[in-house]
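Numbering (my numbering), first residue to last: 53 to 251.
Just so you know, even glycine gets a beta-carbon here, dropped at the ideal spot from N, CA and C.
Data block below; observations after.
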Amino acid sequence: MSPNITKHDYHISREERNRQNDHNSFVIWFTGLSGSGKSTIANQLEKELFKSGIRTYSLDGDNVRSGLNKGLTFSLEDRKENNRRIAEVAKLFMDAGMVPITAFISPLREDREEAKNVIGQDNFIEIFVNTPLEICEERDVKGLYKKARAGEIKNFTGISSPYEAPEDPAIEIRTEEETVEESVKRIIKVLKEKLKYNE
53 MSPNITKHDY HISREERNRQ NDHNSFVIWF TGLSGSGKST IANQLEKELF
103 KSGIRTYSLD GDNVRSGLNK GLTFSLEDRK ENNRRIAEVA KLFMDAGMVP
153 ITAFISPLRE DREEAKNVIG QDNFIEIFVN TPLEICEERD VKGLYKKARA
203 GEIKNFTGIS SPYEAPEDPA IEIRTEEETV EESVKRIIKV LKEKLKYNE
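Right under this line is the structure:
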């Protein structure tokens, strides 16, 4: 950080925003392979939370890469920067009293740990969408696995780039065993206590 930068102290705290919203703010971080179902579940979760009066917003991998992070590649170095920026943006949303939902592959444990450090351990809810590679490849919604297998996409997670599964996620989802609706119900059940604002 430049010595010429001085952090500004805001007059409205996160605590005051949480009080006004009548719910706590924290970050929900979905991780999993491409095609695992992260975005689908995150989108449905956002709809359900919004219907319940929770101030929330989804940050999706492809959407962020088409704007804020459009200059980044899929090299490990750029993936690290992609995750760092996402963590910082998610933290801003959280500080604004919202519950941001991120849906990114975020393949490396080290990068997810860094995100936890930025956001704060107690504010980071990690959800592992544990869909096996073969099922993700069968789905291949965007045709990316086919291209990766043909060598048309470099550094593709699960094929030519590693994915390190979380060792102790807050929630683990197996999409081959439960529906989107069932997954979302289970997530909301876990989040209920954390959302409750008690003065």
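Beta carbon of residue i nearer than 8 Å to that of residue j
{"i": "E224", "j": "F156", "result": "no"}
{"i": "I240", "j": "E68", "result": "no"}
{"i": "R66", "j": "G149", "result": "yes"}
{"i": "V79", "j": "I171", "result": "yes"}
{"i": "R131", "j": "D174", "result": "no"}
{"i": "G236", "j": "Q72", "result": "A small correction: the amino acid at residue 236 is Val; Gly does not occupy that position in the sequence shown. No, the pair does not count as a contact, with Cβ atoms beyond the cut-off."}
{"i": "E216", "j": "L160", "result": "yes"}
{"i": "Y249", "j": "N134", "result": "no"}
N- and C-terminal bounds of the alpha helix (DSSP H) containing residue i
{"i": "F145", "result": "128-147"}
{"i": "E190", "result": "185-191"}
{"i": "A200", "result": "196-201"}
{"i": "I240", "result": "232-247"}
{"i": "I171", "result": "161-171"}
{"i": "E68", "result": "66-73"}
Contacts around residue i, its chain only, beta-carbon distance under 7 Å, and the 5 residues preceding and following it disregarded
{"i": "F145", "result": "Y109, P152"}
{"i": "L247", "result": "H75, N76, I106"}
{"i": "K244", "result": "none"}
{"i": "R137", "result": "L120, N121"}
Endpoints, the beta strand (DSSP E) within which residue i is located
{"i": "A155", "result": "151-155"}
{"i": "E178", "result": "176-181"}
{"i": "I223", "result": "223-225"}
Close-in-space but distant-in-sequence residues of the same chain around residue i (CB under 6 Å, 5 per side omitted)
{"i": "P218", "result": "E178, F180"}
{"i": "N182", "result": "E224, R226"}
{"i": "K90", "result": "F82, G84, A155, V181"}
{"i": "K103", "result": "none"}
{"i": "A94", "result": "F82, S110, I153, A155"}
Proximal residues to residue i (C-beta, below 8 Å), its chain only, five neighbours per side dropped
{"i": "S86", "result": "I157, C188, K194, L196, Y197, F208, T209, G210"}
{"i": "E228", "result": "T183, P184, I187"}
Exposure label - residue i; buried when at least 16 CB within 10 Å
{"i": "T231", "result": "exposed"}
{"i": "P214", "result": "exposed"}
{"i": "N169", "result": "exposed"}
{"i": "E165", "result": "exposed"}
{"i": "G113", "result": "buried"}
{"i": "F115", "result": "A quick correction: the sequence has Asn, not Phe, at residue 115. With fewer than 16 Cβ atoms within 10 Å of its Cβ, N115 is classed as exposed."}
{"i": "A139", "result": "buried"}
| Can you list, in chain order, the stretches of the beta strand (DSSP E) that have 3 or more residues and sit fully within the region 79-121? | 79-83, 108-112
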